[in-house]
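Asks: Quick one: structure below, then a few questions.
Residue numbers (the numbering used here): 123 to 455.
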């Protein structure tokens, strides 16, 4: 990192041994920011996407939140996740899932989604995001413009979603639109490695200027950060490849490029971006605009000095009140 000056990190279960080790690691990562604190993120959705070890509070899958259908429960869940993440050195959660669960046979989304009703997804996700924000955690909605109707997993192949724009506006895009209006507003959106041939027949969403610029930025008015899903997924590596994907995503308007495990592929992404900058093929004012968005989001959410209060964290994480809220979601009360 000292060579590249990375802007952020995402941690997985393989990186995490214990709460004490997590606090040590996050303090080290924070110090690597070279004057600008890095994003330190995790996928902490609930259900099967729960990365953190004991004693962190475990929540049911988000479909259970949809069944409970309580804005107050959604807020409490977001607040507990936010408090525990902040207390142990995180500042970003790649959640909530804003996909609408319109295909019950979807192999990758399914019950990770709050509901098949876009209005319910929007209202509960908005409360959950407020809980995260109130506890100094940036929320990232995913997977834009919608992964809920697909029949395949982008980790394994390139899914194709044959919905047209009229249908997408009525269903898939509604949660995003609601979370771009009023308060709280999303600061970050993660792209879907999904092809929508009736919207852009050539490029999957992550690489599509039609989707990332014309739809998300211009039509929907999103002013926050756009981050790719993992560029190591087969939807990328077995189609255009990482180097070309990086170039196309940059041209599409992506701000942050996620590459989650392979150091050689991470370097490939960085070298591609550096080459684009040196050659001047991507306009300088667009680099500066993306950098400004990063600075604005970090300034809005980050403290000037970040330290982990270990005594406080040990008392907070997995405490009785947090377990009560977890049971409230699980039991539907």
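Note that beta-carbon positions come from the ideal geometry of N, C-alpha and C, so glycine has one too.
(1) At a cut of 8 angstroms, does the region 439 to 453 reach the region 178 to 196 through at least three beta carbon pairs?
(2) Should residue 201 and residue 257 be called a contact, given that it needs their Cβ atoms to be closer than 7 angstroms?
(3) Measure the C-alpha to C-alpha separation of residue 340 and residue 332 and round it to an integer number of angstroms.
(4) Any idea if residue 142 is buried or exposed, counting beta-carbon neighbours within 10 angstroms, 16 or more meaning buried?
(5) Do residue 440 and residue 178 have their C-beta atoms closer together than 7 angstroms?
(6) Need the endpoints of the alpha helix (DSSP H) that residue 397 sits in, please.
(7) What separation, rounded to the nearest whole angstrom, lies between the Cα atoms of residue 309 and residue 169?
(8) Taking the alpha-carbon positions, what's the residue 152 to residue 210 distance?
(9) Nearest by alpha-carbon distance to residue 434: which of 408, 205, 329 and 387 is it?
(10) Does residue 264 come out as helix, strand or coil in the three-state DSSP assignment?
(11) State the start and end residues of the unbroken beta strand (DSSP E) segment that holds residue 131.
(12) Might you give, ordered along the chain, the residues of its own chain that have their beta carbon closer than 6 angstroms to the beta carbon of residue 282, omitting 5 neighbours on each side?
(13) Pairing CB atoms from the region 342 to 358 with CB atoms from the region 406 to 421, are three or more of them under 8 angstroms?
(14) Check the DSSP bridge columns for residue 162 and list the partner residues they point to.
(15) Tell me, to the nearest whole angstrom, how far the beta carbon of residue 220 is from that of residue 297; I am working on the premise that it is less than 8 angstroms.
(16) If you follow the alpha helix (DSSP H) that residue 332 is part of, which residue opens it and which one closes it?
(17) Relative to the alpha-carbon of residue 323, which residue among 253, 287 and 443 has its alpha-carbon at the smallest distance?
(18) Using the three-state DSSP reduction, which class does residue 313 fall into: helix, strand or coil?
(19) Which residues mark the beginning and the end of the beta strand (DSSP E) in which residue 349 is found?
(20) Is the beta carbon of residue 229 sitting closer than 7 angstroms to the one on residue 165?
(21) With 16 as the cutoff for other CB atoms within 10 Å, does residue 134 come out buried or exposed?
(22) Going straight from the alpha carbon of residue 227 to that of residue 270, what length do you get?
(23) Please confirm whether residue 295 and residue 267 have their CB atoms less than 7 angstroms apart.
(24) Quick one: Cα of residue 127 to Cα of residue 392, how far?
(25) Alpha carbon to alpha carbon, how far is residue 443 from residue 437?
(26) Just mark residue 252 as buried or exposed, buried being the case when its beta carbon has 16 or more other beta carbons within 10 Å.
(27) If you count every other CB in all the chains shown that lies within 10 Å of the CB of residue 413, and 16 or more means buried, which is it?
(28) Enumerate in chain order the residues of its own chain whose CB-to-CB distance from residue 311 is below 6 angstroms, with the five nearest sequence positions on each side excluded.
(29) At which residue ranges does the region 145 to 201 contain complete alpha helix (DSSP H) runs of 4 or more residues, listed in the order of the chain?
(30) Got a sec? Which residues, its chain only, sit under 7 angstroms from residue 375 by beta carbon, not counting five neighbours each side?
(31) Quick one: measure Cβ to Cβ for residue 261 and residue 327, integer angstroms, because I've assumed they're closer than 8 angstroms.
(32) Excluding the 5 residues flanking residue 361 on each side, which residues of the same chain have their C-beta closer than 7 angstroms to its C-beta?
(33) Which first and last residues belong to the alpha helix (DSSP H) in which residue 429 is found?
(34) For a quick check, are the C-beta atoms of residue 244 and residue 289 less than 7 angstroms apart?
Replies: On the basis of the supplied data:
(1) The region 439 to 453 and the region 178 to 196 touch, with no fewer than 3 CB-CB distances between them shorter than 8 angstroms.
(2) For this step, residue 201 is matched to residue 79 along the chain shown. For this step, residue 257 is matched to residue 135 along the chain shown. With respect to residue 257, residue 201 sits close: the two C-beta atoms are nearer than 7 angstroms.
(3) Residue mapping note: residue 340 aligns to position 218 of the chain shown, counting from 1. Residue mapping note: residue 332 aligns to position 210 of the chain shown, counting from 1. Approximately 10 angstroms between the Cα atoms of the pair.
(4) Sequence index remark: in the chain shown, residue 142 carries index 20 (1-based). Answer is exposed; the Cβ neighbour count stays below 16.
(5) Your numbering for residue 440 matches position 318 in the chain shown. Your numbering for residue 178 matches position 56 in the chain shown. Less than 7 angstroms separates the beta-carbon of residue 440 from that of residue 178.
(6) Looking up residue 397 in the chain shown gives position 275. It spans 385 to 401 - the alpha helix (DSSP H) in which residue 397 sits, taken as one unbroken run.
(7) Residue numbering aside, residue 309 sits at position 187 when the chain shown is read from its first letter. Residue numbering aside, residue 169 sits at position 47 when the chain shown is read from its first letter. For residue 309 and residue 169, the distance between alpha carbons rounds to 24 angstroms.
(8) Here residue 152 refers to the residue found at position 30 when the chain shown is read from its first residue. Here residue 210 refers to the residue found at position 88 when the chain shown is read from its first residue. Put simply, the backbone Cα of residue 152 is about 12 angstroms away from that of residue 210.
(9) Residue numbering aside, residue 434 sits at position 312 when the chain shown is read from its first letter. Minimum Cα distance to residue 434 is reached at 205.
(10) If you number the chain shown from 1, residue 264 lands on position 142. In the three-state DSSP reduction, residue 264 falls in the strand class (E or B).
(11) Here residue 131 refers to the residue found at position 9 of the chain shown. Its beta strand (DSSP E) spans residues 130 to 133.
(12) Reading the chain shown from its first residue, position 160 is the one you call residue 282. Cβ neighbours of residue 282 beyond the five flanking positions: 317.
(13) At 8 angstroms Cβ cutoff, the stretches touch.
(14) What you label residue 162 is simply residue 40 of the chain shown in a count that begins at 1. Per DSSP, the beta-bridge partners of residue 162 are 131.
(15) Taking the chain shown and counting its residues from 1, the one referred to as residue 220 is at position 98. Taking the chain shown and counting its residues from 1, the one referred to as residue 297 is at position 175. About 4 angstroms separates the Cβ atoms of residue 220 and residue 297, confirming a contact at the 8 angstroms cut-off.
(16) In the chain shown, counting from the first residue as 1, residue 332 sits at position 210. From DSSP, residue 332 is part of no alpha helix (DSSP H); its letter is neither H nor E.
(17) The sequence position of residue 323 within the chain shown is 201, counting from 1. In terms of CA proximity to residue 323, 287 leads the group 253, 287 and 443.
(18) Working through the chain shown from its first residue, we reach residue 313 at position 191. If DSSP states are grouped into helix, strand and coil, residue 313 belongs with the strands.
(19) Sequence index remark: in the chain shown, residue 349 carries index 227 (1-based). It spans 347 to 349 - the beta strand (DSSP E) in which residue 349 sits, taken as one unbroken run.
(20) Your numbering for residue 229 matches position 107 in the chain shown. Your numbering for residue 165 matches position 43 in the chain shown. Cβ atoms of residue 229 and residue 165: not closer than 7 angstroms.
(21) Here the question's residue 134 lines up with position 12 in the chain shown. The residue in question, residue 134, is exposed, as its Cβ has fewer than 16 Cβ neighbours within 10 Å.
(22) For the purposes of this step, residue 227 is taken as residue 105 along the chain shown, with counting starting at 1. For the purposes of this step, residue 270 is taken as residue 148 along the chain shown, with counting starting at 1. Their backbone Cα atoms lie some 10 angstroms apart in a straight line.
(23) By 1-based counting over the chain shown, the position of residue 295 is 173. By 1-based counting over the chain shown, the position of residue 267 is 145. Taking the C-beta atoms as reference points, residue 267 is found nearer than 7 angstroms to residue 295.
(24) Here residue 127 refers to the residue found at position 5 when the chain shown is read from its first residue. Here residue 392 refers to the residue found at position 270 when the chain shown is read from its first residue. Roughly 10 angstroms separates the two Cα atoms.
(25) For the purposes of this step, residue 443 is identified with residue 321 of the chain shown, where counting begins at 1. For the purposes of this step, residue 437 is identified with residue 315 of the chain shown, where counting begins at 1. If you take the alpha carbons of residue 443 and residue 437, they lie about 11 angstroms apart.
(26) In the chain shown, counting from the first residue as 1, residue 252 sits at position 130. Buried, by the Cβ-count rule.
(27) Here residue 413 refers to the residue found at position 291 when the chain shown is read from its first residue. By the 16-neighbour rule on beta-carbons within 10 angstroms, residue 413 is exposed.
(28) If you number the chain shown from 1, residue 311 lands on position 189. Only 263, 266 and 348 meet the Cβ criterion.
(29) Taken in chain order, the complete alpha helix (DSSP H) segments of 4 or more residues contained in the region 145 to 201 are 184 to 190.
(30) Along the chain shown, one-based indexing puts residue 375 at 253. Excluding the 5 residues flanking it on each side, residue 375 has same chain C-beta neighbours closer than 7 angstroms at 331, 334, 335, 339 and 348, in chain order.
(31) Your numbering for residue 261 matches position 139 in the chain shown. Your numbering for residue 327 matches position 205 in the chain shown. About 20 angstroms separates the two Cβ atoms, so there is no contact after all.
(32) Taking the first residue of the chain shown as 1, we reach residue 361 at position 239. For residue 361, same chain residues with a beta-carbon under 7 angstroms away, outside a window of 5 residues either side, are 280 in chain order.
(33) Working through the chain shown from its first residue, we reach residue 429 at position 307. The continuous stretches of alpha helix (DSSP H) do not include residue 429, and DSSP gives it neither H nor E.
(34) On the chain shown, residue 244 is found 122 positions in, with the first residue counted as 1. On the chain shown, residue 289 is found 167 positions in, with the first residue counted as 1. No, Cβ-Cβ distance for residue 244 and residue 289 is not below 7 angstroms.
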